[in-house]
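Notes for the one structure printed next.
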Amino acid sequence: MQTSSLRRQVKNMVNQYSEAEIKVREATSNDPWGPPSSLMSEIADLTFNVVALTEVMGMIWKRLNDSGKNWRHVYKVNIHLFVLALET
Numbered sequence: 205m206q207t208s209s210l211r212r213q214v215k216n217m218v219n220q221y222s223e224a225e226i227k228v229r230e231a232t233s234n235d236p237w238g239p240p241s242s243l244m245s246e247i248a249d250l251t252f253n254v255v256a257l258t259e260v261m262g263m264i265w266k267r268l269n270d271s272g273k274n275w276r277h278v279y280k281v282n283i284h285l286f287v288l289a290l291e292t
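One gets this note's numbering by counting positions in the sequence shown from 1 and adding 204 to each.
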C-alpha cells in the first residue's frame, strides 16, 4: 500500500467522511492517473439520492476551490462534472 493511499484512509477516518465523500476524494485525488470510469459511474449513481447528492456536491465544491500543488483536484473535478452531466 502506498503512503498516499494510507494517508488518505487516515484522513477519511479522522474527518469522518461519508461513503460518497470518500469516493469523490478518491476520484479527485492528486494521483497522476485519472479516476476509473467505474468509480465515476458509482458517484453519478449516488447523485440520485438527495443526501448523497449534497455530500458529493459539497466535496466537489471543496475540491474545485483547491489551488497550487493540488491543481489535479481541480482538473479531475472538471472531468467528473462533465461525466455527471453526461450520465444524468
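Idealized CB from N, CA, C, for every residue including glycine.
Cα-Cα separation, residue i to residue j
{"i": "S241", "j": "D235", "result": "15 Å"}
{"i": "R276", "j": "E223", "result": "21 Å"}
{"i": "M206", "j": "D249", "result": "According to the sequence as given, residue 206 is Gln; it is not Met. The straight-line gap from Cα to Cα measures roughly 28 Å."}
{"i": "E225", "j": "N253", "result": "13 Å"}
{"i": "E291", "j": "L243", "result": "13 Å"}
{"i": "E274", "j": "T232", "result": "It is worth fixing the name first, because residue 274 is Asn in this sequence and not Glu. Taking the straight line from one Cα to the other gives about 10 Å."}
{"i": "Q213", "j": "V255", "result": "22 Å"}
{"i": "R267", "j": "T251", "result": "17 Å"}
Outcome for residue i when other beta-carbon atoms lying within 10 angstroms are tallied against a minimum of 16
{"i": "K227", "result": "buried"}
{"i": "E259", "result": "buried"}
Residue span of the alpha helix (DSSP H) that contains residue i, given as start and end
{"i": "Q220", "result": "Unbroken run through Q220: none, as it is neither H nor E."}
{"i": "N282", "result": "W275 to E291"}
{"i": "S241", "result": "S241 to L250"}
{"i": "G262", "result": "V254 to L268"}
Given residue i as reference, the closest of the options once Cα atoms are compared
{"i": "I283", "options": "N253, F252, S245 and A256", "result": "S245"}
{"i": "S209", "options": "Y221, E225, L288 and R229", "result": "R229"}
{"i": "Q220", "options": "P239, M263 and S233", "result": "M263"}
{"i": "W265", "options": "V255, G272, L285 and K273", "result": "L285"}
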